[in-house]
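Numbering (this note's numbering), first residue to last: 24 to 125.
Below is one structure; the comments refer to it alone.
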Amino acid sequence: LKTGVRYTIDCSKGSTGLVYDGDSNIERTSVDIDSVPKTETEIKLILGDPSIALSLSGLPVAGVGLVRQEFVVANHIGIHPNAVLDPEKVSPEARIIINEKS
């Protein structure tokens, strides 16, 4: 990145941001949530990143329908559960990090 150069940062894919050269043609559309018709189907979230749960709490949904528990554990302890369950499948470098956290 260079000072004075314009970039577009895309954070729409979760916790990983993508950086693009230049300005992007992004169209922003706002919707008055009260004008959206009610449905008979309950709209629920699939929560894959527990760190954004609070920011999603204001959405007009019926709650959380699915929680990716392995992500909750990985977010809380910083280690994916499979890395703990099958340490032989983890690289030596990753094992060092896991041992430091456990």
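Heads up, the beta-carbon is just placed ideally off N, CA and C, and yes, glycines get one too.
Among ARG91, GLU116 and PRO115, nearest to PRO104 - alpha-carbon criterion: Of ARG91, GLU116 and PRO115, the residue nearest in Cα terms is ARG91.
Alpha-carbon spacing of ASP70 relative to GLU116, whole angstroms: The residue asked about is misnamed: residue 70 is Leu in this sequence, not Asp. C-alpha separation (whole angstroms): 30 Å.
Simplified DSSP assignment, three categories, for ILE121: Secondary structure of ILE121 (DSSP, three-state): helix.
Residues near ALA97 by beta carbon distance below 6 Å, same chain, minus five either side: Excluding sequence neighbours, ALA97 sits near HIS103.
Nonlocal neighbours in the same chain, by C-beta distance under 7 Å from GLU88, ignoring five residues either side: One detail in the question is off: residue 88 reads as Gly in this sequence, not Glu. Within the same chain, and ignoring the five residues on either side of GLY88 in sequence, the residues whose Cβ sits closer than 7 Å to its Cβ are LYS67, LEU68 and ILE69.
Rounded distance between the beta-carbons of GLU65 and ALA85, thought under 8 Å: 4 Å between Cβ atoms; contact.
Nearest residue (CA-CA) to SER125, options ASP72, GLU111, ILE100 and SER114: Checking every option, the nearest Cα to that of SER125 belongs to ILE100.
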